[in-house]
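Residue numbers (the UniProt record's numbering): 1 to 243.
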Amino acid sequence: MAGLRHDRGLAVVADGVVLTQREHPVLARVRPVLDDATARLTLSYDGRDPVDALVDTSGRTREVTLFDETVAVVDQAPELSAWFGGLLGRTVQLVGAPAGTRRTSPGAVPRQTVLSDEGSVSLHSEASLERLNGLLAARGEPRLPADRFRANVVVGGCPAHAEDDAATFRAGDVTLAFARLDERCAVTTVDQQAGERRGPEPLRTLATYRRLDGAGVAFGVYAAVTVPGTLRLGDPVLLDRRS
């Protein structure tokens, strides 16, 4: 299973390469709404007229580059691409993953993904964020909201970074299995409400206590869906530790 329904199922492409907030932080301010019943996507952004069109997952495919990997995609309606082109000031195409398409990413448990860069489900605890914010405050830096890390799942009631040692996370009828630590990139420096970069944090502070072997830093984990089902806001989560 590839994670939350519709998550990372669409991407913006320029010159055959998928774009991200790394290059265009303004993408954080785009608000997509997909009507499940009609498959109609509406895109909105403060100060711009919204646009809507049907999402196509069964059209002719072509190949694009996603983080040095070649993936098959379906071009979406021209009006959706033109809307993004006007926002970014360049020629781009909105593309989607073909129906049934899955990629497998390595890890303790291989994860099926669609158009995400690393894994199907990202998760961290509230306590992990609270610890980071305490360290930021000690440096005279402002607290950061959870949206800096754009997690699919945020859990409470456990110690900071308890997610690092989990074997599985069970909630409702869903089971997620730990796949790997989530190595963080420059997108965490983007204010998700303003669509602007805000300096070196949180990467600078994470580097003081969350350094991976090598140059990267970790915050949260990637997980694979091993038992699919419905996950609801407020569901109790049972964390099973690795032996």
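All residues carry an ideal CB built from backbone N, CA and C; glycine is no exception.
Quick one: measure Cβ to Cβ for residue i and residue j, integer angstroms, because I've assumed they're closer than 8 Å.
i: R131; j: A137; result: That pair is no contact at about 11 Å.
i: V26; j: L66; result: Incorrect: roughly 20 Å between the Cβ atoms, too far for contact.
i: V190; j: A28; result: 6 Å
i: L239; j: F169; result: 6 Å
i: A57; j: V74; result: What sits at residue 57 in the sequence shown is Thr, not Ala. Sure, about 6 Å apart at Cβ, within 8 Å.
i: L115; j: A215; result: Actually they are not in contact, since the Cβ atoms of L115 and A215 sit about 25 Å apart, beyond 8 Å.
Rounded to whole angstroms, what's the CA-CA distance from residue i to residue j? Just pull it up for me.
i: L206; j: R184; result: 9 Å
i: A160; j: L129; result: 8 Å
i: T226; j: L176; result: 6 Å
i: V13; j: L19; result: 6 Å
i: A151; j: A179; result: 15 Å
i: V17; j: S81; result: 14 Å
i: P145; j: L94; result: 29 Å
i: T208; j: R62; result: 43 Å
i: A99; j: T38; result: 16 Å
i: T188; j: V155; result: 19 Å
i: R111; j: A167; result: Its pLDDT being 46, under 50, R111 is placed unreliably in this model, and the coordinates cannot settle the point.
i: G3; j: G47; result: 32 Å
i: L233; j: L212; result: 31 Å
Would a C-beta distance cut-off of 8 Å place residue i and residue j closer than the cut-off?
i: V51; j: Q76; result: no
i: G119; j: G9; result: no
i: G172; j: G85; result: no
i: residue 247; j: L43; result: For residue 247 there is no data in the structure shown, the boundaries of the chain being 1 and 243.
i: A186; j: R22; result: yes
i: S122; j: Y45; result: no
i: D182; j: A224; result: no
Between which two residues does the alpha helix (DSSP H) holding residue i run?
i: G85; result: P78 to L88
i: A138; result: E126 to A138
i: T70; result: Unbroken run through T70 is the beta strand (DSSP E), E69 to D75; no alpha helix (DSSP H).
i: L203; result: L203 to L206
Looking at C-alpha atoms only, which residue of the options is the closest neighbour of residue i?
i: E126; options: F178, G220, T175 and A186; result: G220
i: V174; options: V237, G140 and D68; result: V237
i: D15; options: T91, V154 and G199; result: T91
i: H24; options: G234, P202, G134 and G195; result: G195
i: L231; options: D165, L135, R139 and V153; result: V153
i: G134; options: A162, P202 and W83; result: P202
i: P200; options: V64, R139 and D235; result: R139
i: H124; options: E141, E163 and G89; result: E163
Just curious, the beta strand (DSSP E) that residue i is in, first and last residue?
i: A224; result: A218 to V227
i: Y45; result: R40 to Y45
i: T61; result: T61 to L66
i: A14; result: L10 to A14
Looking at residue i and the ligand HEM, is the gap between the Cβ and the nearest heavy atom below 7 Å?
i: G157; result: The ligand HEM is not part of the structure shown, which contains no ligands of any sort.
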